[in-house]
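Q:
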Amino acid sequence: MIFGRVAIEQSHRLPTGGEIDRLAPLPFRFDGKAYRGYAGDTLASALLANGVTVVGRSFKYHRPRGVLSAGPEEPNALVELRGGGRKEPNSRATMIELFAGLEATSQHRWPSLALDIMELNDLASRFLVAGFYYKTFMGFPGWRFYEKRIRAAAGMGSGTVEWDPDRYEHMNTHCDVLVAGGGPSGLAAALMAGRAGARVILVEETDGLGGRLRSERETIDDKPAMGWVAKTRAELADMDEVRVLTRTTAFGCYDDNMVGALERVADHLAAPPEHMARQRLWHIRAGRVILATGAIERPLVFGGNDRPGVMLAGAVRSYLHRFAVTPGKRAVVVANNDDGYRTALDLARAGVEVMQVLDTRPAGAGAWRERAVAAGLDVMQRAAVVNAYGRMGVVGCDVATLDGHGGVGDTRYVPCDLIAASGGWSPSVHLHSHGDGKADWDDGIAAFVPGANRLGHVSVGAARGRFGLAEALSDGLKAGAEAAKACGFAIGAHPDTPITDEIATAPLKAIWSIPGPTDRTVKRFVDLQDDVTIDDIALAHREGFVSVEHLKRYTTLGMGTDQGKTSNITGHALLAEARGQPIPTVGTTRFRPPYTPVAMAAFAGAERGLHFSPVRRSAMHDWHAEHGAVFVEAGAWLRPQYYLRPGVTKAKAVMDRAIETEVRAVRSKVGLVDVSTLGKIDIQGPDAAEFLNRVYANGFKALPVGKARYGLMLREDGIVDDDGTTSRLGDTHYLMTTTTAHAAKVLADLEWYLQVVWPDLDVRVTSVTEQWAAMALAGPKAREVLAAAADHGTAVSNDALPYLGVINGSIAGVPVRLFRISFSGELGYEVNVPADWGTSVWEALIAAGEPHGITPYGMEAMGILRIEKGHVTHAELDGRITLDDVGMGRMASSKKWFVGRGMLDKPAFIDPERPKLVGLVPVDGKTRIPAGAILVADPATPPPVPKLGHVASSAYLSPTVGHPIALGFLARGRDRLGETVWAVFPLRNLSVQVKVVEPCFVDPEGSRLHV
Amino acid sequence: MAEYSVFSLIRNALGGHKDWIRAWRDPEPKKHYDVIVIGGGGHGLATAYYLARNHGITNVAVLEKGWIGGGNVGRNTTIVRSNYMLDGNAHFYEHSLKLWEGLSRDLNYNVMFSQRGVLNLGHSDGQMDAYARRGNTMRLNGVDAELLDRKDVQRLYPHLDFSAAARFPIYGGLLQARGGTARHDAVAWGFARGADRLGVDIIQNCEVTGFERDGNRVTGIQTTRGTIGCGRVGMAVAGNTSRVAAMAGLRLPIESHVLQAFVSEPLKPLVDGVITYGAGHFYISQSDKGGLVLGGDLDFYNSYAQRGNLPTVEHVMACGLAMMPYLGRVRILRGWGGLMDMSMDGSPIISKTPIDNLYLNAGWCYGGFKATPGSGYVFAHTIANDTPHDFNKAMTLDRFATGHLIDEGGKGPTPKLH
Amino acid sequence: MIRIPCPHCGPRDHAEFSYAGDATKIRPADPDAATAADWHDYVYFRDNPRGPHMEYWHHTQGCRAYVKVLRDTSTHEVLAAGMPGDTLEAGR
Amino acid sequence: MSESTTPPPRRSALANVWHPGDHGRIGFTGPQVTLRERRDITAIQLDAQRGTTDGVGKAVAAAFGLGLPGPGRATTTGDVRALWLGPDRWLLQTATPADLEPRLRSLTEGVGGVVVDQSHGRTILRIEGAKARDTLAKSTGIDLHPRAFAENAVAQTSLFQLAVTIDRRRGTSIFDVHAMRGFAVHLYEALLDAGGEYGVRLV
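Residue numbers (the working numbering), protein chains in the order written: chain A, 130 to 1140; chain H, 395 to 812; chain W, 19 to 110; chain G, 732 to 934.
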């Protein structure tokens, strides 16, 4: 990339001053054109330094727009920053720190910023008033036709479909005192709390401390105020328990003083260094919160107040002092408060020609006015700009006196290329509001100030409408001390408030819109980004949208990327005027986080890609991987789905063959499957038997030591919840197993019953799922394999370990638990092994099984084996199924109370029409019965078709019976054995005639289990 | 009735828009109404509209404690669909969808109903089987549905995460092409305007404070603007149902939970339809203004605060990026919390109550917005005829006693899980 | 983040807990005496107040205790916390 | 019938992924986080049945000279460390392969103790170094500041979406993190990622 070969001269840069580093020139490009700025610039200041006036286009009318502000409130100067996967649309030029090689492009225009076809909207603007789309586009050819065009024209910047290469993370911290804002009041607060020894965090949105002091020319103790800032910063840096985070925005206050803050770790660099996060989202849990968030200046509403070159007066001072940039050569200043004089004086001092200073207030004395007059500035009182001219930049404006009744006197044209305007300042009450804080109207500053709040947040300085420097400092010192004290820290001597050189200010006089020409082509904007004019607000009022919520939604006031930071109060005040009511009666909208927009990836943090959700691996995972397992995720666990031989690819046919092989091996020889994922819960205590008897629907009291039993649990509403086997290991010691999916829920439920419902039962429950690796050995040769693998002294004969027996044993020197239980329907054993030895025992079983053709099998084969046996899983137990539905109604004990019993005789549960579990086979003996098919009487019935049930699980082929089989639920299914119905799958235009059979296809007598 | 049309818009534009009249009047409450609908949200306004339009009952008041449309109809993710499986729900939601299809013209108000398609992604064989069952049921009910495999999804949305780094790979999805989105505020305003034009009084800033009873009948509604007599009363105050019902002495199978939703900065078109992530609760679409509108799961505790918490925000965004990794740098502009009437089986209650002339419309969980026209339609029918419509006959209050639950998710009586 | 004062572990983020619902619901103690209506009420009905709400939270990622919490549902403010058997009053 | 009598070596859940060496961004001071797996630990969970807390505590004290710690604390005597896990629940750890489980069983079962072997169920990673605390703070919400989480403090909490035990050992910045064995690889990867900017030495 070649930069700056013909870099444009910085035509608007002052020769001296500012916080910029003139020894570090930085090349950058805007819309492909090369420029140069300095370290310390923002993109906005660098563009202004180069005389660039038009930076963006407005949302609706596509009007050319320049830079309005110097902060996060910027509604106009939005650009697309960077490119590729790092492209960021809608980036505020005022908040982008310049770096070498920065590339930005203008957005929301075609074909170029200077010539935008959509600017035609501006000409049609009289039709495109607030809410016009609700009134039209209803007829031919339909909304979708128009919508397509509207969508293309809407939006602002373009996103990207490339993946963001950067990493993001979260950081948690706790502190006694959190100070949001690094201006004078925030620094003073942090200083006092820090000196007391409190753990303090100070977050500051920009790259440096000082806040407004960076943009003004004030003194503290007769020295430049920034010297005090530097001294304070140094003192804070020396405190071990104080942390200052710059480039960090506190974006939200949440419950219990948890503050979310976004640290832009590397946004001021071209790319983050390796292993560093681009952004870090802080969770700050604070004892006390001090809000030193400052205030935001309001624009004035006058004709053409959106022209490039119309800027906030405070922003003009920021550009002069912080960036050494003159945003214009000839300025008009207009204000309803003393900031106009302050700005005009600073402009004149910087060599800008001040054409006119306009004060909208009635004539009156004031120290600032006197200074301006003394400096030779042309001051007009009770006067304002009424219309600004210049499409791509202000060229001049009409100024006029105001009669105070909505009329203007003679207008006079004044040439200028900069209009600095101030409508007063609104305290940033956003964070205060997040925590349900109330906002009170303060007539003195014509703005909302923080009122009562539940969370005990304290606002200081400009954030509570105290705009003077001395006030801000004393406010901060006091709040810092009080916060530390509230956290239990002793406070030393309270230092004197530093002395400032402030000039007394005269009160502001609100003026919400400046009357102007009646020419309807002159627009007076309230919300600059979304092009909401005072006419839109009047229209909304006329049509009855008279609450602030309706106004906002109808006109889109405050709905832009700036969330109305510069427009909300003015808009609400204009509505209040229209309603003839005071502003606080009309109300304000409540602020919600985030204060400024936050990237989705920052919220997500490190939970991306495979770390979106943790995966769980069994003790034998590596063995499976080495032996060709294809894994599938089940309840966070990675489980072998089936095994491939080396060198075979993952094609469907191969998968089918692998699964068939595995099923056949279990039925004819022997197989081994990893069942570590089943939940295992150790249950001990004198009341363990009684407890199990209450939580299981079937009886458990009579279970002898050394025996296992299948059990079913219900929910309190009588629906089947979970199943598994529970074994009695000792007199008062049981081991429960649960399904993989419900393991955590069952444990929490057991704890619930023990701690809350039956605290009289003395039972301790603990998850031992991870302690024990588990594997199931199944097949006619299972006993021979187990006997061969077992160590001396471990007897596994049918006598020593009968069906449902449980013993301790040893394999490969490892102490194991052996359970004679089976999910496959074959002679089977489940072996539980302390997990670190899981692989050793697995390998020992494989080795012992080799002579018998042992085959490891995965979930697919297990699924077919269990369907062949009619064993239900969560495919059947879908949360709507009763015991009767799955043919287990008889298992429920009638001799005892158990969880869910009180609900069992509800009319719907005993309705004979309820679908019941059945087996299904294709009448043609070969067509697959897909899961998810619906059972109907006649596939030719037109909708709506009466539904008889559905197919829950399907084996595309049962290798054992030689054809497809399925399990399903069918209305009165138990009475329909032998009948045929249709399984229809209209999504794929399939229908299969199926015969209803018993839901057990292999060894219904269970003889194989008992051999 | 002032017709909205492109011609009236042009005529008014030439006149400086001075002649538009209020979208709905601001009347003083009368002493007595034949029907009082409590709740000026989407459902309440739709109920009033259909009472007047379908049943000729025009002496109707809608009482709203704040400003109409300020509750869930203005605080949702605007998704409209009818992909329901259980008979108790399916026909109702399909009827509602059909009403959506003609709603703008019916109301003479453009609610911007846009059938962009609703796609639910599936991430396991089990989930795809469940989608197949749902989709097949829909088709048998005469509702459109398409089952997509992985390749189909990739054709439709090539930029979702189809990589090996996807924690939950995409197996396929269930698409309802007739589903989509609508402009939520316009729905409230359109019904309000429509009802108003038919004579309904919409009374804002009128909070209900109690019920006057005569035996088992409600005779009047006490409000902050005085007592108003009534023939029948319909309650449609989702989010606050338990509180208002308690004033009438009713306890309900409902909890209020907060559900957060979010909108991003406006972007040029990036996401065409509505997509939901199947391995976590997440749904996204893009508004006509360009903002991505997204939502996720509840905050999981009872709340009336309309204010959510950070862990849920973070999880929702993580879900979004798991599905669409390219949204990483998209910035979230605004979030809000809505109060969900979480019922015990996840389905609504549109029902008579133990009180003779009090009717209940509640328990919408996440899904109330899409039901707005259908809900108003059948609730109006239920109130007008003192008997439910065929479409809501299963949505009774006594189903919890009889066991005829409508539990689409199979989650049981744990409202936060629905 | 709501900070829940676990009586065992001290104040912790609510994200460590699972919400376990209304703590005023008392499961029928004597199942033989309980009517269908009693079960129906226990399983399905909730007062669902706006304001102080007695509820259970399970310290799932902590000490695994069920904690009884009195919390204001309109502000999320925790007014008191204790063990399941405790009687709680606002102000701890 | 096999003749084995002694068990084989225990296999770590991280056996396949642990690559000793330096990872991440290594500054001139070297890695600021060190990770090692504490292997072959015997870890026995001991519960007290209702009303037996004192009796169980006394039995343990008599046998090991170890007081069972109160909430959020750990105690150590000799090579046995006891961690509080929850109400009436502790974890007794030792690095010396020994007969801790049968000893505890015989000592406490008579007085109401409930013993559950968890030696294989947890992976324990020791994380130490100047940035150990910051690395953990990227995910856990508990306050790890020495004022709040001093030596021998123990917390059950959440870390990288996992339920973990964090045990603050001696010194200023040594922590043991216990997580469920099945999630060991996730924990390991997450710690490497979080500590990447500080440099991580795997021992």
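Positions of the beta carbon are idealized from the N, C-alpha and C atoms, including for glycine.
Quick check on VAL502 (chain A): buried or exposed, where buried means 16 or more other Cβ atoms within 10 Å of its Cβ?
A: The residue is exposed, with fewer than 16 neighbouring Cβ atoms inside 10 Å.
Q: Nearest-angstrom Cα distance between ARG30 (chain W) and PRO428 (chain A)?
A: Those two C-alpha atoms are separated by around 45 angstroms.
Q: What is the DSSP secondary structure of HIS71 (chain W), reduced to helix, strand or coil?
A: Three-state DSSP puts HIS71 (chain W) in a strand.
Q: Check whether chain W comes within 8 angstroms of PRO563 (chain H), counting only Cβ atoms and requiring the distance to be less than that.
A: Output row for PRO563 (chain H): interface = no.
Q: For GLU913 (chain A), which option in A:SER951, A:VAL885, A:TYR958 and A:ALA870 has the closest C-alpha, if you only look at C-alpha atoms?
A: Taking only the C-alpha atoms, the option nearest GLU913 (chain A) is A:TYR958.
Q: Give the residues of chain H in contact with HIS77 (chain W), contact being defined as C-beta atoms less than 9 angstroms apart.
A: Going along chain H, no residue has its Cβ under 9 angstroms from HIS77 (chain W), so there is no contact; the nearest lies around 14 angstroms.
Q: Taking only the alpha-carbon atoms, compute the straight-line gap between ARG653 (chain A) and LYS614 (chain A) and give it to the nearest angstrom.
A: Using only the alpha carbons, I get a separation of about 50 angstroms.
Q: Shortest alpha-carbon distance to LEU1077 (chain A) belongs to which of A:ARG721, A:GLY1102 and A:LYS1025?
A: Comparing Cα-Cα distances from LEU1077 (chain A) to each of A:ARG721, A:GLY1102 and A:LYS1025, the minimum goes to A:GLY1102.
Q: In the DSSP output, which residue or residues are listed as bridge partners for TYR542 (chain A)?
A: In the DSSP output, where bridge partners are listed per residue, TYR542 (chain A) has A:ASP527.
Q: Whose C-alpha, out of A:ALA733, A:ALA758, A:TYR263 and A:VAL892, is nearest the C-alpha of ALA817 (chain A)?
A: Nearest C-alpha to ALA817 (chain A): A:VAL892.
Q: Less than 8 angstroms between CB atoms is the rule here; does THR91 (chain W) satisfy it with respect to chain A?
A: Judged by the 8 angstroms Cβ criterion, THR91 (chain W) is not in contact with chain A.
Q: When DSSP builds the beta bridges, which residues end up paired with SER932 (chain G)?
A: The displayed chain sequence assigns Arg, not Ser, to residue 932 (chain G). The partner list for ARG932 (chain G) (beta bridge, DSSP) reads G:ASP753 and G:THR765.
Q: On a CA-only basis, which of H:ARG416, H:PRO421 and H:ARG533 is nearest ARG619 (chain H)? Give me that one, please.
A: When each option's Cα is compared against that of ARG619 (chain H), the closest is H:PRO421.
Q: Within 8 angstroms of any Cβ in chain H, is that where the Cβ of SER235 (chain A) sits?
A: Closer than 8 angstroms: no.
Q: Just to make sure I have the definition right: I need the residues of chain W whose C-beta is within less than 8 angstroms of the C-beta of TRP1026 (chain A). Which are they?
A: Within chain W, the residues near TRP1026 (chain A) are PRO49 and ASP50.
Q: Mind checking if ASN764 (chain H) is an interface residue toward chain W, Cβ cutoff 8 angstroms exclusive?
A: The displayed chain sequence assigns Lys, not Asn, to residue 764 (chain H). So, not an interface residue.
Q: Give a yes or no on whether 8 angstroms exceeds the smallest Cβ distance from MET1017 (chain A) to chain W.
A: No, no contact with chain W.
Q: Between GLN510 (chain A) and chain W, is the shortest Cβ-Cβ distance under 8 angstroms, so that the two count as touching?
A: Chain W contact via Cβ: absent.
Q: Could you check how far apart the C-beta atoms of ARG328 (chain A) and GLU392 (chain A) are, in whole angstroms? I think they sit under 8 angstroms.
A: With 8 angstroms as the limit, ARG328 (chain A) and GLU392 (chain A) do not qualify as a contact, their Cβ atoms being about 18 angstroms apart.
Q: When DSSP labels each residue in this structure, what does TRP414 (chain H) get in the three-state scheme?
A: In this structure, TRP414 (chain H) counts as coil in the three-state DSSP scheme.
Q: Any heavy atom of the ligand SAM closer than 7 angstroms to the Cβ of LEU704 (chain H)?
A: No copy of the ligand SAM appears in this structure; indeed no ligand is present at all.
Q: Taking DSSP as the reference, what is the three-state secondary structure of ILE131 (chain A)?
A: Caution is warranted here: a pLDDT of 42 is assigned to ILE131 (chain A), below 50, making its placement in the model unreliable, and no coordinate value can be reported.
Q: At the level of alpha carbons, what is the spacing between LEU692 (chain H) and LYS810 (chain H)?
A: In a straight line, the C-alpha of LEU692 (chain H) is about 7 angstroms away from that of LYS810 (chain H).
Q: Alpha carbon to alpha carbon, what distance is there between VAL792 (chain A) and ILE114 (chain A)?
A: The first residue shown for chain A is 130 and the last is 1140, placing residue 114 (chain A) beyond what the model contains.
Q: Near GLY214 (chain A), which residues of its chain fall below 7 angstroms by C-beta distance, leaving aside the five closest residues on each side in sequence?
A: These residues qualify, in order along the chain: THR289, GLU291, TRP292, ASP293 and PRO294.
Q: Find the nearest neighbour of GLY432 (chain A) within the set A:VAL759, A:ASP351 and A:PRO644, judged by alpha-carbon distance.
A: GLY432 (chain A) has its Cα closest to that of A:PRO644, out of A:VAL759, A:ASP351 and A:PRO644.
Q: Rounded to the nearest angstrom, how far is the Cβ of LEU316 (chain A) from that of VAL358 (chain A), given a contact under 8 angstroms?
A: So it is a contact: roughly 7 angstroms between Cβ atoms.
Q: Say whether the region 334-350 of chain A touches the region 308-324 of chain A, bearing in mind that this needs 3 or more beta-carbon pairs closer than 8 angstroms, one atom from each stretch.
A: Yes, since at least three Cβ pairs between the region 334-350 of chain A and the region 308-324 of chain A fall closer than 8 angstroms, the two stretches touch.
Q: In chain H, what lies closer than 8 angstroms to VAL85 (chain W) by C-beta?
A: The contacting residues do not exist; VAL85 (chain W) stays about 13 angstroms from chain H at best.
Q: Within 10 angstroms of the Cβ of TYR695 (chain H), are there 16 or more other Cβ atoms? Answer buried if so, exposed if not.
A: Flag for TYR695 (chain H) reads buried.
Q: Could you name the residues of chain H that VAL96 (chain W) contacts, counting a contact when the two beta carbons are closer than 9 angstroms?
A: Under the 9 angstroms cutoff, chain H gives no residues; its nearest Cβ is about 11 angstroms from VAL96 (chain W).
Q: Taking the beta carbon of PHE401 (chain H) as the centre, do at least 16 other beta carbons fall within 10 Å, making it buried, or is it exposed?
A: Label assigned to PHE401 (chain H): exposed.
Q: Using a Cβ-Cβ cut-off of 8 angstroms, state whether PHE157 (chain A) counts as contacting chain H.
A: Chain H contact via Cβ: absent.
Q: Quick check on GLU397 (chain H): does DSSP put it in helix, strand or coil?
A: Coil at GLU397 (chain H), not helix or strand.
Q: May I ask you to report which of helix, strand or coil DSSP gives MET247 (chain A)?
A: Residue state, collapsed to three classes: helix.
Q: So ARG912 (chain A) is in the alpha helix (DSSP H); what residue range does that whole segment cover?
A: Here the alpha helix (DSSP H) through ARG912 (chain A) covers 911-918.
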